[in-house]
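Chains as they are written, first to last, in our numbering: chain A, 516 to 1188; chain B, 516 to 1188.
Protein chains: 2
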Amino acid sequence: MASASIQKMAMNPDLAKERRNASFHVENLTNYIYHGTERVKRKRYIQNIAQQEDCIKNSKPWAFRTRQEEYELSLNKANHILKRQKELSMTDEVDKFYFNEAMLPNENNPMGLHFGMVIPTIEKHGTPEQKEKFLPLAKGMKIIGTYVQTELGHGTFIRGLETTATFDQKTQEFVMNSPTLSSTKYWPGNLGKTVNYCVLMAQLYTQGKCHGPHMFLCPLRDLVTHQSLPGVELGDIGPKFGYRGNDNGFLRLNNFRIPHDHMLMRYSKVLKDGTYIKPENTKLSYGSMVMIRASIVGMTARALSQACVIAIRYSAVRRQTEVSPGGPEAQILDYQTQQYKLFPLLASAYAFTFAGQAVQASFLQISKEIEAGNLQQMPVLHALAAGLKAFSSWTCSAGVEVCRMSCGGHGYSLASGLPKIYTNITPSCTYEGENTVMMLQTARFLSKCAMKVQKGEKLPGLVSYLSTDLTKKSCMTADVTFDCLVKAYQHRAARLTKAAAAAIQRYMNDGQSPAEAFNMASTQLIWAAKAHCHQYVVNVFVNTVTKAKVDKNTGAVLTTLCKLYAVNGILENLGEFLQDQFFSCDQVDILTRKLMTLLAEVRPDAVALVDAFDFPDSVLESCLGRYDGNVYYALYQYAKSSPLNEQDVLDSFHKYIQPMREGQASSPAQARL
Amino acid sequence: MASASIQKMAMNPDLAKERRNASFHVENLTNYIYHGTERVKRKRYIQNIAQQEDCIKNSKPWAFRTRQEEYELSLNKANHILKRQKELSMTDEVDKFYFNEAMLPNENNPMGLHFGMVIPTIEKHGTPEQKEKFLPLAKGMKIIGTYVQTELGHGTFIRGLETTATFDQKTQEFVMNSPTLSSTKYWPGNLGKTVNYCVLMAQLYTQGKCHGPHMFLCPLRDLVTHQSLPGVELGDIGPKFGYRGNDNGFLRLNNFRIPHDHMLMRYSKVLKDGTYIKPENTKLSYGSMVMIRASIVGMTARALSQACVIAIRYSAVRRQTEVSPGGPEAQILDYQTQQYKLFPLLASAYAFTFAGQAVQASFLQISKEIEAGNLQQMPVLHALAAGLKAFSSWTCSAGVEVCRMSCGGHGYSLASGLPKIYTNITPSCTYEGENTVMMLQTARFLSKCAMKVQKGEKLPGLVSYLSTDLTKKSCMTADVTFDCLVKAYQHRAARLTKAAAAAIQRYMNDGQSPAEAFNMASTQLIWAAKAHCHQYVVNVFVNTVTKAKVDKNTGAVLTTLCKLYAVNGILENLGEFLQDQFFSCDQVDILTRKLMTLLAEVRPDAVALVDAFDFPDSVLESCLGRYDGNVYYALYQYAKSSPLNEQDVLDSFHKYIQPMREGQASSPAQARL
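Dropping the structure here:
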C-alpha cells in the first residue's frame, strides 16, 4: 500500500529551517525562563525519568482510554510517583512539580489534594495534639483525605454553606448532617472513590448557637476495607468536560458522629462543656488561599505555552494556498492573519509566565512580613492574587481555544493534544473562587483606593499609579517606548477605577443602598479590575525584560515580545484608551502599524520562542506539536490505532445498517457495480 | 438518608415567579420565531413523537455512553428516523429538521451526509444516465455514501488536493491513487465504518495532463459483505473533541480502479478516447456551498439559543451571596455582572436567528435569479454567506462557552448539557471553509467594492452603504434610535473597508506584489469583513423588529433586545467607532448608561425570552436548564447514576491504593479512629 510514501522524517525541513534561522540561541532563553542551566539540566533529568516509567511507556494513549481506565491509571501513576520520589530522595518542590507534570501531563494526581491541601491544613489548623495524632497517619497514608467545601447549592460564598456540625456534650461528639438537598457536598476532587477522610467545612452549632463555617476532619470510609461508613453516602459525580481521571465526588451525611478531637481547633475551639472560643485573628487563614491563587497564574501560563508550542510548530509545518498562482503553498505561519492569532498569545504566555513568577515572589515576601506580624500589605496582595487569577485564567483558557482553532480541522482531533489542555485548564476560571467574584474583590479594593486618592491619601506601591493625573494625554511617539506603553495602561486603569467609583457614588446619591449601588456599577468595576491586572502584567513584563541578565539577541527578542503584548493589548481594548481621547488618531495609527511590524519581527523567531519553553513531546502529547514535525505521519498512526478499527466490519453493520436497506427491491445482490 | 429533603418540586418557585412576571406572552413570541401557531403545533407534535421512541426513552444518558455505544446508538436512531419518516409520510424538510434535532440533539445523523450531500451531488452533477443508474441505488441505500474531499495536508484550498484519478483508455477505467502521505483523505464524516461509497474529489489526469479536482463516485466496501475492497485502506480517525458518534474517516487508495461511468460528468467530461471537455460555467457549483454556509448561520444561532436557555434558567434558580448582611441570597440573575454576560448573548441568539432566516431567504431569491441565468448577485451573496458563516460561528461558539462558565462549577459537568453543545458547534468554525479564509473572501469582495466607491461607481443593495460620507459624525442622542445605531455600524464598516483597501494600495505603491500587499493588509481586512457582517446582522435585526407583526408587548421586548444587541456591540468594539472620533465622549457615556438600562429592562423578561425558543427538555439534555428548575435534584440523580458508582469499593483500591500504604508502621489496623 504505497508504503514508501508513508514514512517518518528525521526532521521536517521547514522546522529545521526555522530553527536554523532564529536570531537567538534557544538554550539561552530556556535558561532564563527556568532560572539557570543547572535547573534546566535538573528539569530534563527529572522529565527523562518519568518518560522511562513503565506506566508511561506502556499505557494506552490518553485519547483512547475509557474513564475507568483513566481513573485507574491515575492511581497507578500516583503510586509510581510516590515510590520514585522516595527512591530518588526527591524532596525539592520544583523537582516534584516537573516530575508530576511529566507523569500526569494535563491530568490530575489523585493524591494531589491529600498532600497539597489536607496535610498542610492539619499542619496549619490543628492543635499540637491533633498534629501528633493525625499527621503520621496522613503522611503514612492510612488516612487519605481531600478538602470538602462546595455544596450543590453553594460555591464561592462560604457563609452560605448548609452542612451542620452540632456538638453533643453528652457524648462529646459532633453530629454531622446534610439537612437539605442543596447542602449535598458536590465537586471535591477524589472524594467519590479514592479518599477515606476529608477536611470538611460545616456550620458549627454548639449550645444552640451557630458559629459559622469551621473545619472538621471527617472519616468517610472504613480505614481497612475502604467501605463507606454507615451514615455516609458518597460517590463519584459522573463525567465532566475534562478531569476524566478525577473522581470528583458528592457526599451526604446523616446523623454521622465524629469525636470531639476531629474539629481542627488551633484557632477556634469548642470546650468539653460546649463553650465556643473565637479565633483571635480571622485573616490568618487567607494566606494559603492567596498562595493557591498566585500559583494558578503560573499554571495557566504553562497551559497557554503548551498550546502555543503546538499551534506554532504546526503552523510552520502546514502549508496552504499558493501565494502566486502555480507556486508552492505557503507555510501558514507566513500569513499575517495566522501571526495575528498566535503571536499575541505567545507574548501572553511569556507575560503570564513572568507575572506568575512575580506574584509568587511578592507572596513569599509579604508572607514573611505577615509572619512578623505586619498585615498591612495583605489587602493589596489579596486583591492582586484574586484579580490576576481571574485575568490569567480567562485569557489563557480562551487563548488555548484560539490556538486549537488556528490548527484548522486537525485541532479538533484529540490527536492535536489541544482539547486535553483546554478541558484541563478551563476549570481554573471557576475553581478557587469564581472569576467574576474574584474580579469584584479586586474591584472593591480598587474602589476603596479611589476614595483614598480623592482624599489625597498616599497609596502603597502596587496601586500608587491610581493617583496619576488623568488630564495628561499619551506621550506615545513612533518609538513606542516602554515608558509610554506602561503609562497608557496606568492611565486606562486609573481612569476606569475612578469612573467605577464615581458610578457607585452617583447611585448612592440617587438613594440606592451601598450594596445595590455596588451591583449597579459592577460591570464598570470589572472593567476597572481587568485594566488593573492588565497594567500589572505589562509592568512586570517590562521590568523583567529591562532587568533580564541575558545576551543581546535574547534581550532583543524578549523586548519585541513585550512590546507586542503591550501594543496588542491596547488595540484589543482600544475603546477604553480612546474614550477620553488619551490617544490621538495619529497615535492610534502609529500603534496599528507598529503591531504589524512587531508581527513580522516575531515571525522568524516564532518556532525558537516556543522551543524555548522546553516541553518534551511526552508532555505535549500532540501529533501536531511534535518537535520533529512529523505531523501527518503521527496523525495517520493515530487514526490507524483508533479502537473502532479493530474490526473492518463492525457488528453494528449487521444490526443497524443492513435493516435500513431491507425491502429495497432495486438493489442487486452484487459486491461491486 | 434524610430522604424527605431530596425531592422533586412541581416547579421551582423562582422560575414560576419569573414566568408570572414577564411583560409579554411567551407563546406570541414563539409563534413569531417559528412563523405561526400551526407550525409551532406541528413542531411540538414532531418533537413529541421523537420523545416516545424506544431508542430515546430507553437509552443510556449521553454522558455515560462510550464512543462505541454512541456510534451504535446513532445508527440505531438513524434507522428509527427513516422508518418513522416513512410511516408518517414526513416529507416536509422543516418537519424532518425538528424530528432529526429531537432524535439526535447536538449529535450527528450518520445518514445525514448521504441524504444531504451525496444524493444531491449525484442529482446535480450526474448525467441523465448516471442519475438513472445511481440514484435508485442511493435512495434505496444499497449505496451509502459520504463526501470525501479534505486530505491530511489539504483543507479549504481545494486546488491543493493530491489524490489522483488517472484515466486508463485501454480499460476505460480511472486509476485512483493516494501518492503521498499528505494526500491521505482525512475527516470525511461516516467514512470510517459506515459508508460503502463516496463522492471523491481527486485531480483528474487524462492524456498525460492534469485538469484539476473533479468528482468521482468511488466504491469503498463490498456492497454485500461491507468488507473494505482490495486497494482501499480506510478506517475511523479516532476520538475527537466531540462528534463522538461520528466515524470520521481516513482513506488511502492504491491503484484502485473504477469504471468510466463513475466520474460525475454533467459538466466536465472525459470521452472514451481520453479527451477532456471543460465545463461551460465553473461558477454553477458554488450554489450548494453558499446554501450550506447560509444554513450554518441558523445552526449556530440554535446552539447559542440552547446555551442561553440553560444558563438563564439556571441563573434564575441559583442563589448566591446575601445582598444585605444576614438577608437571603440573591438569584444570580439579579447580579448585573451575570446580566452583562448573558443578556447580550441572548440578544445575539435572536440576532443570528433572524440573520439566518434573512440570509436563507436571500439565497432562495438569488438562486431563482441564477436559475434564470442572472449571475450578478452571486458575488454579493457568496461574500455575505462566507463572512456570516464565520461571524456567526465564532460568536456563537464562544458564546456557548461564556454561558457554560456563567453556570460556575456546575457548567463543567456534562450534566449541564453545555459541553455537548459546545463541542458539537465549535467545528462550524473550521468546517465548510475555515473561518479566517471565509472572512478573507468577504474582505476581498469588500476591497473591490471600495475601489468602485473610489471611482464613484454605484454598489448593489447589501453593500451600497460603503459609499457613506465618512466625515459625518454620529447623530446619536439619549433616545438611542435604531437609525443612529444602524448608521454607526455602517460608518464603522465603511471606514474599516476604506482603510484596509488603502493599506493594500499603500503596500503595492511600496513595491509589494498584489498577493503580498493583500497579506500585509489581511488583519485589517478581517476587521473590515467582521464589521461588514456585524452591520448586516444589526440591519436585519432592526428590520425584523420594525416590521414584525406582533402584539405591542412582544414588539417592545424585541425592540429592547435589538437595542441591547446594537449598543453592546458598539461598546465591545468601541475603538473601531472612536478612532476617527465618530462618537464624542458624551455619546459614549450615553451608550454606556443605555447598556446598563437595557440590561435592567431585559431582566424581568429573561426567562420568558428563553422559554420562547421552545426547546423541549429532551433536546437540552441539561440538569441545569430543565423547564421545571429542579436543578439540584437532577444533579444529585446524575451523580448517583455515574457508572463509577456501581460498586462502593473499586478494585483499584486493592490494586493501587493499598500498596501506597504498605510498610507504614504507624498505621493502626482499625476501621475508625
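Positions of the beta carbon are idealized from the N, C-alpha and C atoms, including for glycine. Treat the numbers as computed from the prediction; the structure is a model and nothing was measured.
- Message: Once the 5 residues before and after B:S1181 are set aside, which same chain residues still bring their CB inside 6 Å of it?
- Response: The residue given as residue 1181 of chain B occupies position 666 in the second sequence. In this prediction, B:S1181 has a pLDDT of 46, which is less than 50 and means its spatial position is unreliable; what the coordinates show is noted afterwards. Contacts found: none.
- Message: Please list, in chain order, the chain B residues whose beta carbon lies closer than 8 Å to that of A:L590.
- Response: Here residue 590 of chain A corresponds to residue number 75 of the first sequence, with the count starting at 1. By Cβ distance, chain B contributes S1167, K1170, Y1171, I1172.
- B:F867 - containing alpha helix (DSSP H), residue span: Against the second sequence, residue 867 of chain B aligns to sequence position 352. Segment 851-886, the alpha helix (DSSP H) holding B:F867.
- Query: For chain B, is any of its Cβ atoms less than 8 Å away from the one on A:A531?
  - Reply: For the purposes of this step, residue 531 of chain A is taken as the residue at position 16 of the first sequence. It does not; no Cβ of chain B falls within 8 Å.
- Put A:Q645 into one of helix, strand or coil per three-state DSSP. Taking the first sequence and counting its residues from 1, the one referred to as residue 645 of chain A is at position 130. Helix, per DSSP.
- Message: I want to see whether chain A comes within less than 8 Å of B:K883, judged by CB atoms only; does it?
- Response: Position 368 of the second sequence, counted from the start, is the residue given in the question as residue 883 of chain B. No, its Cβ sits nowhere closer than 8 Å to a Cβ of chain A.
- Could you check where the alpha helix (DSSP H) with B:L1073 kicks off and where it finishes? For the purposes of this step, residue 1073 of chain B is identified with residue 558 of the second sequence, where counting begins at 1. Here the alpha helix (DSSP H) through B:L1073 covers 1067-1087.
- From the beta carbon of B:H629, is the nearest beta carbon of chain A less than 8 Å away? The residue you call residue 629 of chain B lines up with position 114 of the second sequence. Judged by the 8 Å Cβ criterion, B:H629 is not in contact with chain A.
- Message: Please report the straight-line C-alpha distance between A:A1015 and A:S962, rounded to a whole angstrom.
- Response: Mapped onto the first sequence, residue 1015 of chain A falls at position 500. Mapped onto the first sequence, residue 962 of chain A falls at position 447. Cα to Cα, the separation comes out at about 7 Å.
- Kindly identify the DSSP beta-bridge partner or partners of A:A717. In the first sequence, the residue the question calls residue 717 of chain A occupies position 202. A:A717 pairs with A:H729.
- Task: Could you tell me which chain B residues have their CB closer than 7 Å to the CB of A:K755, listed as they occur along the chain?
- Result: If you number the first sequence from 1, residue 755 of chain A lands on position 240. Residues of chain B passing the Cβ test: Y927, S928, L929.
- Message: Quick check on this structure: which residue in B:T581, B:Q880, B:E949, B:S908 has the alpha carbon closest to the alpha carbon of B:N939?
- Response: Position 424 of the second sequence holds residue 939 of chain B. It is B:S908.
- CA-to-CA distance, A:A1127 to B:H1047, given in whole angstroms: Your numbering for residue 1047 of chain B matches position 532 in the second sequence. Your numbering for residue 1127 of chain A matches position 612 in the first sequence. Each residue's alpha carbon lies about 40 Å from the other.
- Per DSSP, which one or two residues make a beta bridge with B:M778? Counted from its first residue, the second sequence places residue 778 of chain B at position 263. In the DSSP output, where bridge partners are listed per residue, B:M778 has B:F731.
- What does DSSP give as the partner residues of B:I792 in its beta bridges? Numbered from its first residue, the second sequence carries residue 792 of chain B at position 277. According to DSSP, B:I792 bridges with B:K784.
- From B:C823, B:N536, B:S839, B:E884, pick the residue whose C-alpha is nearest to that of B:Q854; which is it? The residue given as residue 854 of chain B occupies position 339 in the second sequence. The shortest C-alpha separation from B:Q854 is found at B:C823.
- Length of the line joining the Cα atoms of B:Q1102 and B:T992: The sequence position of residue 1102 of chain B within the second sequence is 587, counting from 1. The sequence position of residue 992 of chain B within the second sequence is 477, counting from 1. Cα to Cα, the separation comes out at about 7 Å.
- Message: Are the CB atoms of A:L1040 and A:A1009 within a distance shorter than 8 Å?
- Response: By 1-based counting over the first sequence, the position of residue 1009 of chain A is 494. By 1-based counting over the first sequence, the position of residue 1040 of chain A is 525. Cβ distance not < 8 Å, so A:A1009 and A:L1040 don't count as in contact.
- Return the chain-ordered ranges of every alpha helix (DSSP H) run that is complete within the region 891-921 of chain A and spans a minimum of 4 residues. 893-921
- When you compare only the Cα positions, how much space is there between A:A493 and A:V812? What is shown of chain A runs 516 to 1188, which leaves residue 493 of chain A out entirely.
- Query: What number of angstroms, rounded off, separates the C-alpha of B:S931 from the C-alpha of A:R959?
  - Reply: Taking the second sequence and counting its residues from 1, the one referred to as residue 931 of chain B is at position 416. Taking the first sequence and counting its residues from 1, the one referred to as residue 959 of chain A is at position 444. Answer to the nearest angstrom: the Cα atoms are 31 Å apart.
- Query: On the three-state DSSP scale, how would you describe B:V835?
  - Reply: Taking the first residue of the second sequence as 1, we reach residue 835 of chain B at position 320. One point to set straight first is that residue 835 of chain B is Gln, not Val, in the sequence displayed. DSSP places B:Q835 in strand when its eight states are reduced to three.
- Query: Who are the near neighbours of B:P942 in its chain, counting only those whose CB is closer than 6 Å to its CB and skipping five residues on each side?
  - Reply: One-based indexing of the second sequence puts residue 942 of chain B at position 427. Closer than 6 Å at the Cβ level, and outside the excluded window around B:P942, lies no residue.
- Task: Identify whether B:A517 lies in helix, strand or coil by the three-state DSSP scheme.
- Result: Here residue 517 of chain B corresponds to residue number 2 of the second sequence, with the count starting at 1. Low confidence applies to B:A517: its pLDDT is 44, below 50, so where it sits in the model is not reliable enough to give any reading.
- Message: By the 9 Å beta-carbon criterion, what residues does the region 689-703 of chain A contribute toward chain B?
- Response: N692, S693, P694, T695, L696, S697, S698, T699, Y701, W702
- Task: Using the DSSP secondary-structure output, state which residues sit across from B:D751 in a beta bridge.
- Result: In the second sequence, counting from the first residue as 1, residue 751 of chain B sits at position 236. For B:D751, which the question treats as bridged, DSSP gives the partners B:G764.
- Which residues does DSSP pair with A:S928 in a beta bridge? Within the first sequence, the letter at position 413 stands for residue 928 of chain A. For A:S928, which the question treats as bridged, DSSP gives the partners B:K755.
- Task: Give the DSSP bridge partners of A:N692, in chain order.
- Result: The residue you call residue 692 of chain A lines up with position 177 of the first sequence. Paired residues: A:T679.
- B:C964 and B:S912 closer than 8 Å at C-beta: One-based indexing of the second sequence puts residue 964 of chain B at position 449. One-based indexing of the second sequence puts residue 912 of chain B at position 397. Taking 8 Å as the Cβ cut-off, B:C964 and B:S912 do not qualify as a contacting pair.
- Using CA coordinates, which residue listed in A:D1095, A:M778, A:D984, A:T836 is at the minimum distance from A:T681? As a working mapping, residue 681 of chain A is identified with position 166 in the first sequence. Comparing Cα positions, the closest option is A:M778.
- Task: For A:R535, return the contacting residues in chain B, with the cut-off set at a CB-CB distance below 9 Å.
- Result: As a working note, residue 535 of chain A is residue 20 in the first sequence. Near A:R535 there are no residues of chain B at all, since even the closest Cβ is about 23 Å away, more than 9 Å.
- Tell me, which residues are paired with B:K743 by DSSP? The count along the second sequence starts at 1 and reaches residue 743 of chain B at position 228. In the sequence as displayed, the identity of residue 743 of chain B is Ser instead of Lys. According to DSSP, which records beta bridges pairwise, B:S743 is partnered with B:R736.
- Message: Please state whether the Cβ-Cβ distance between A:F731 and A:L749 is less than 8 Å.
- Response: Here residue 731 of chain A refers to the residue found at position 216 of the first sequence. Here residue 749 of chain A refers to the residue found at position 234 of the first sequence. Contact: no.
- Within the chosen definition, does the region 1140-1157 of chain B reach the region 839-858 of chain B through at least 3 CB pairs nearer than 8 Å? no
- How would you list, in chain order, the residues of chain B whose beta-carbon sits under 8 Å from the beta-carbon of A:M1111? To locate residue 1111 of chain A, count along the first sequence from 1; it is residue 596. Result: M1035, T1038.
- Coarse secondary structure for B:Y1151, derived from DSSP in three states: On the second sequence, residue 1151 of chain B is found 636 positions in, with the first residue counted as 1. Of the three classes helix, strand and coil, the one that applies to B:Y1151 here is helix, per DSSP.
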